[in-house]
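In what follows, a single structure is set out as structure tokens and then discussed.
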Amino acid sequence: MAASNTITYTWAAEAAAEIVSQKLEMLLSHPVCLRCSLTEPLAKEAREKLAMIQEFFSTRDSLSPSTVRWLGRLLQAMYDAEEFIDKFHLREARGRHKALHMATRPPATLISKCKLRRDLSNLVNKMRELCQDQCFTGKEAKGKTRKASPASVLGQDEKQERLTSLWDWQASINSLWREKKEEIKERIGEGPKSGNLGWTFIRGEPGAGKTSIARWVYREAMYLGFKWRAWVHLSPSMDMQEFLFEVLKQIRKLARELKDMNLQEMTEIHPHELAKWKKFLIVLDGVHTSNVQLLGGLARILRHGQGHIIITTQDDLIANTMGGFEKPIEPKKLNQQESREMLSLKLRGVPDGQKLSNEEEAILETCQGSLLRISLILGLLPHAGKQERAALAKDGSKMSLLDLLKLSYQKLPAPLKPCFIYMVLFPRATPIRTRKLVRLWLAEGLLDMHCCGGEWKTTRAPEDVGETFILELAERNMIDVASWRADGSPKTCHMLNSLYDVIRPIAMDTGFLYVHDARKSKDENDRYPTGQQQELLAQPRETKVRWLAEHTNIVRDSRSGSNPDLNLRYVRSFLSFFMRRGMLTKDISTFLRKMTSKTAYRLLRVLDLEGVYKPSLHGVLHKLVLLKYLGLRSTALPSIPRAVADLQYLETLDIKDTCITSLPNSFWMARNLRHLHLNWFYINLKTIFKARSNNVMALSRLQTLSGLVMGEVKENSVQMDSLTKLKLFLHQLDRDTSGSAGKAVADWISSRLPNLRSLTFGVTKKAQPAKEAKKKTSQIGLLPELSLAGHRELFALYLLGQLKEPNWKQLLPVSLQVLTLSGSKLEADMMAELGGLLKHLRTFRLLGNSFLGTSLKFARDGFPSLLILKIWKLPCLREVIVEQGAMPHLRVLELRHLKSLTIVEDIKECKELENIDITSESDTLVKELRGKIGVKTNLNFEEDIERSEDGDDSDDDTKATAPS
Numbered sequence: 001m002a003a004s005n006t007i008t009y010t011w012a013a014e015a016a017a018e019i020v021s022q023k024l025e026m027l028l029s030h031p032v033c034l035r036c037s038l039t040e041p042l043a044k045e046a047r048e049k050l051a052m053i054q055e056f057f058s059t060r061d062s063l064s065p066s067t068v069r070w071l072g073r074l075l076q077a078m079y080d081a082e083e084f085i086d087k088f089h090l091r092e093a094r095g096r097h098k099a100l101h102m103a104t105r106p107p108a109t110l111i112s113k114c115k116l117r118r119d120l121s122n123l124v125n126k127m128r129e130l131c132q133d134q135c136f137t138g139k140e141a142k143g144k145t146r147k148a149s150p151a152s153v154l155g156q157d158e159k160q161e162r163l164t165s166l167w168d169w170q171a172s173i174n175s176l177w178r179e180k181k182e183e184i185k186e187r188i189g190e191g192p193k194s195g196n197l198g199w200t201f202i203r204g205e206p207g208a209g210k211t212s213i214a215r216w217v218y219r220e221a222m223y224l225g226f227k228w229r230a231w232v233h234l235s236p237s238m239d240m241q242e243f244l245f246e247v248l249k250q251i252r253k254l255a256r257e258l259k260d261m262n263l264q265e266m267t268e269i270h271p272h273e274l275a276k277w278k279k280f281l282i283v284l285d286g287v288h289t290s291n292v293q294l295l296g297g298l299a300r301i302l303r304h305g306q307g308h309i310i311i312t313t314q315d316d317l318i319a320n321t322m323g324g325f326e327k328p329i330e331p332k333k334l335n336q337q338e339s340r341e342m343l344s345l346k347l348r349g350v351p352d353g354q355k356l357s358n359e360e361e362a363i364l365e366t367c368q369g370s371l372l373r374i375s376l377i378l379g380l381l382p383h384a385g386k387q388e389r390a391a392l393a394k395d396g397s398k399m400s401l402l403d404l405l406k407l408s409y410q411k412l413p414a415p416l417k418p419c420f421i422y423m424v425l426f427p428r429a430t431p432i433r434t435r436k437l438v439r440l441w442l443a444e445g446l447l448d449m450h451c452c453g454g455e456w457k458t459t460r461a462p463e464d465v466g467e468t469f470i471l472e473l474a475e476r477n478m479i480d481v482a483s484w485r486a487d488g489s490p491k492t493c494h495m496l497n498s499l500y501d502v503i504r505p506i507a508m509d510t511g512f513l514y515v516h517d518a519r520k521s522k523d524e525n526d527r528y529p530t531g532q533q534q535e536l537l538a539q540p541r542e543t544k545v546r547w548l549a550e551h552t553n554i555v556r557d558s559r560s561g562s563n564p565d566l567n568l569r570y571v572r573s574f575l576s577f578f579m580r581r582g583m584l585t586k587d588i589s590t591f592l593r594k595m596t597s598k599t600a601y602r603l604l605r606v607l608d609l610e611g612v613y614k615p616s617l618h619g620v621l622h623k624l625v626l627l628k629y630l631g632l633r634s635t636a637l638p639s640i641p642r643a644v645a646d647l648q649y650l651e652t653l654d655i656k657d658t659c660i661t662s663l664p665n666s667f668w669m670a671r672n673l674r675h676l677h678l679n680w681f682y683i684n685l686k687t688i689f690k691a692r693s694n695n696v697m698a699l700s701r702l703q704t705l706s707g708l709v710m711g712e713v714k715e716n717s718v719q720m721d722s723l724t725k726l727k728l729f730l731h732q733l734d735r736d737t738s739g740s741a742g743k744a745v746a747d748w749i750s751s752r753l754p755n756l757r758s759l760t761f762g763v764t765k766k767a768q769p770a771k772e773a774k775k776k777t778s779q780i781g782l783l784p785e786l787s788l789a790g791h792r793e794l795f796a797l798y799l800l801g802q803l804k805e806p807n808w809k810q811l812l813p814v815s816l817q818v819l820t821l822s823g824s825k826l827e828a829d830m831m832a833e834l835g836g837l838l839k840h841l842r843t844f845r846l847l848g849n850s851f852l853g854t855s856l857k858f859a860r861d862g863f864p865s866l867l868i869l870k871i872w873k874l875p876c877l878r879e880v881i882v883e884q885g886a887m888p889h890l891r892v893l894e895l896r897h898l899k900s901l902t903i904v905e906d907i908k909e910c911k912e913l914e915n916i917d918i919t920s921e922s923d924t925l926v927k928e929l930r931g932k933i934g935v936k937t938n939l940n941f942e943e944d945i946e947r948s949e950d951g952d953d954s955d956d957d958t959k960a961t962a963p964s
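Just so you know, we're using UniProt numbering here: the sequence shown kicks off at 1 and counts up by one.
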């Protein structure tokens, strides 16, 4: 128990020390905050003492149990330091806010800085005592200071190299258990042997590869006639209503009325919805013994359905309890040759298992063929020194899986540890959008220190640092990349389940975070399969919580029927994942009022209510003066309080998929705003330009401007060097016959936005959301002439509108990786020119009426990097010709709603083609292709059903298959 406590407090104290270190550095980077001859030396001494302690942690693999009390004192000192620094910033922000209304600013500022000096003095005294304690043997660390950041932002070549390594690793995982995968594929392809509903169980130990196999089958199922699929991760306490809601929202895209349905209504509608599909597939991931009753109920509801259920489980009793099904699929352990090849691929980049050293062979022996152990060790080895490798070879066989999981976290660079812990706020095994995660880290101040060079000048964007952190965690095999963007970068990820089960109880035990979840009342051995850690079920009275997540109804706790006894005044992040209607709307308001009730202002920096139905923010928002992240996506809110314009620290505002149609004019004066996601409503660009011209700092940090429709534009003189992502539609006015507005916007994009990385630009004849404009091509207008060849950082481009005799070399940069054209009305075949120009293109979409000719010819050696080609709704297209050497790496080909297409010539030249997806009124084209494709190419035919073009997905880029 003592050793467990030592690990618990060591992890928490080290993460807390990293957070406080960043806060001290940021204080010192703003001299105006420390304009006092006594205050600055105190801050510097505190930083130096803290650096000594951090060095102490980094040079010791473990601490003795006798240090628990010392660690507890350190942890408390870090919590106190974080609190007084945040309160100082709160007083400064509150003072500026009040200074708008009263002349009390100077005395308030003086008092605030006196308090800061007093608190820093107390911190220094505590740090001196800690450094003099006999438990602290860090004399060798004196005089040393840690570098500001161990993370360097990757250049494009290095980033591509690391991504390629991740793709190769993913491919090696996908190549395992081919026989098992094909067996499942054969089972679901043949259909059930008795009855209408088929079942397949995949059983294995933690990390055996069950989910990887299920995910592969899930992707392949669409080529076996399964027109609808759902993926649900089960918790031990998930009830039938919650489960049916999870499935139905994937059928009906989370229709609002679903949130009001009771269990009986959901039970009745379920068979009706699934009956619309000839075949369906549901994957139930992570099934526990406590879910047996749920499985029985599901079997009764779907007994007449034409579908298949795949279950992944660690429990041997699940399949036996259900009874009457085929023998479970059990992933085998890796053999010696497979283990060798994976190690060689990770360390040398090639799967050559014949050239391993004796030490490497010994390390592999300790893994005993376990995929999870091999993955964790291979995540450690590239960062291990000679002594650490020797220790793994010698003692690795004595390490339990829990020991290895702990070692993986322990060896993380210190800046990544609080970022990694933050991921525990999300539900277990739930994919997290990587861009959202990085922005949450940024709002919490976990990236600030790593963006600066000498003299604290910003040398790299924190978003780039966060992206580097994501890649680092993926390379260490500590997170699972669940999906990929069209440009090949990770789109969603989640913490490995086994690591989640270790990190979460430790983070909660030490007050680092709190996850309010009724599931905690269930058997924790079901919840945490390792069985080695026990989660703290009841926090101590008046616990101060830094980060708070809500996975169930806030007001009613399943154990006591009341609020958890938490001190909400100290919450910095609040994330909600409970999306059902009803009490929660009221609960959110109650919670926010409680958090801001005792005083007018609070420390909250992150408020993420994505998916919560119409949360009430009135009377609350203006009090959150430190707020940096406000996530209201998919909340159905009709409006937003005007107080949003007073949030001076706000960095991210996301109101996508809401009913909000306007923002206060003063909002555009924001100085710290970095990411703005709107819901495709009309904005006068002149308002933005005026704010920018009147205040040189307004929008000076804006990187993302997404989802706006604009009209008349007469000026384009505003330079926005920081903007990297732009999504806008130009509303073409009838009186603008000369196209002057379009020309002004095109000139602005071409010459005033030099650092664009992603651009979506279209012209419509009605001011309405892009999705509506896409459905009615007659509303699409003529695109003005763009010149993007000089935008060397531009990697993703979506153009909606007619292109009149485009000069491709002037229009497109050679750096493009994703290109989407819609409504272009091109008549001449441009594939030969584009294939030679766009050497780095990975995804190419030709959508509705982008091409009006009859033939597309992909020339020899064209598109050498292309992986995904989508051709949709080209009414005149009759033939597609592929010359030898064209698109050598093409893996996915989609041909949808092409009424005239009858010939696809020499598609067999694409040797790596895995999937062809055809949507048509007849199967003529399918018959044409069957004898012309390789045996490894899947061919899926779907009857012509009208669907919307999905060029944009919910996370900015496009839907893409995982690299393999």
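For each residue, glycine too, the CB sits at the ideal point set by N, CA and C.
Annotated three-state conformation of Ile-311 is strand, per DSSP.
As summarised for the segment 184-246, the continuous alpha helix (DSSP H) elements at least 4 residues long and confined to that stretch are 210-220, given in chain order. Within its own chain, the residues whose Cβ lies closer than 7 Å to the Cβ of Lys-210, once the five positions on either side in sequence are excluded, are Ile-202, Gly-204, Thr-312 and Pro-331, listed in chain order. DSSP, reduced to helix, strand and coil, places Arg-845 within a strand of the structure shown. Counting only residues of its own chain and dropping the five nearest sequence neighbours on each side, Gly-707 has a CB closer than 7 Å to the CB of Lys-656, His-677, Leu-678, Asn-679, Trp-680 and Lys-727. When Cβ pairs closer than 8 Å are counted between the two stretches, the segment 470-482 is seen not to touch the segment 44-57, the count staying below three. Trp-808 and Leu-834 have their C-alpha atoms spaced approximately 7 Å apart. Under the DSSP definition of a beta bridge, Leu-730 partners with Met-710 and Val-763. With respect to Gln-314, Lys-279 sits apart: the two C-beta atoms are not nearer than 7 Å.
Residue environment for Gly-781: buried (at least 16 other C-beta atoms within 10 angstroms of its C-beta). Judged by DSSP in its simplified three-state form, Ser-815 adopts coil rather than helix or strand. A residue is called buried when at least 16 other Cβ atoms come within 10 angstroms of its Cβ; Arg-476 meets this threshold and is buried. Under DSSP, the beta-bridge partners assigned to Val-287 are Thr-313. When Leu-617, Arg-605 and Gly-619 are compared, the shortest CA-CA separation from Val-625 is found for Arg-605.
For Thr-661, the closest alpha carbon among the candidates Asp-119, Arg-845, Thr-8 and Ile-683 is that of Ile-683.
Residue Gly-823 holds the alpha-carbon nearest to the alpha-carbon of Lys-765 among Asp-917, Arg-692 and Gly-823. Between the C-alpha atoms of Leu-473 and Gly-396 there is a straight-line separation of about 22 Å. Sixteen is the threshold: since fewer than 16 other Cβ atoms of the shown chains lie within 10 Å of the Cβ of Lys-911, the residue is exposed.
No Cβ-Cβ contact shorter than 7 Å links Gln-703 with Gly-445. Burial state of Leu-110 is exposed, judged by a 10 Å Cβ sphere holding fewer than 16 other Cβ atoms. For Asn-665, no alpha helix (DSSP H) run applies, since DSSP gives it neither H nor E. Excluding sequence positions up to five before and after Asp-608, its CB lies within less than 6 Å of the CB of Leu-575 and Gly-631, all in the same chain and listed in chain order. Uninterrupted alpha helix (DSSP H) stretches at least 4 residues long and entirely within the segment 337-373 occur at 358-365, given in chain order. Sequence-distant partners of Leu-163 (beyond 5 residues in either direction) whose C-beta falls short of 7 Å from its own C-beta, in its chain, are Gly-488 and Ser-489. The three-state secondary structure of Tyr-79, taken from DSSP, is helix. Counted as a single uninterrupted DSSP element, the beta strand (DSSP E) harbouring Tyr-798 occupies residues 796-800. Per DSSP, Arg-692 is one residue of the alpha helix (DSSP H) stretching across 685-694. In terms of CA proximity to Arg-348, Leu-378 leads the group Asn-358, Arg-389, Leu-378 and Glu-25.
Of the other Cβ atoms in all chains shown, 16 or more fall within 10 Å of the Cβ of Glu-220; this residue is therefore buried. Under DSSP, Val-481 shares a beta bridge with Cys-493. DSSP lists no bridge partner for Asn-755. No beta strand (DSSP E) of 3 residues or more sits fully in the segment 34-69.
In the three-state reduction of the DSSP assignment, Gly-885 falls in the coil class, being assigned neither a helical nor a strand state.
For Leu-371, the CB contacts under 7 Å within the same chain, skipping 5 residues up- and downstream, are Gly-207, Ala-208, Gly-209 and Leu-334 in chain order. The beta carbon of Ile-309 sits closer than 6 Å to those of Trp-199 and Ile-282, all from its chain and outside the five residues before and after it, given in chain order.
The DSSP-derived three-state label of Ala-828 is coil.
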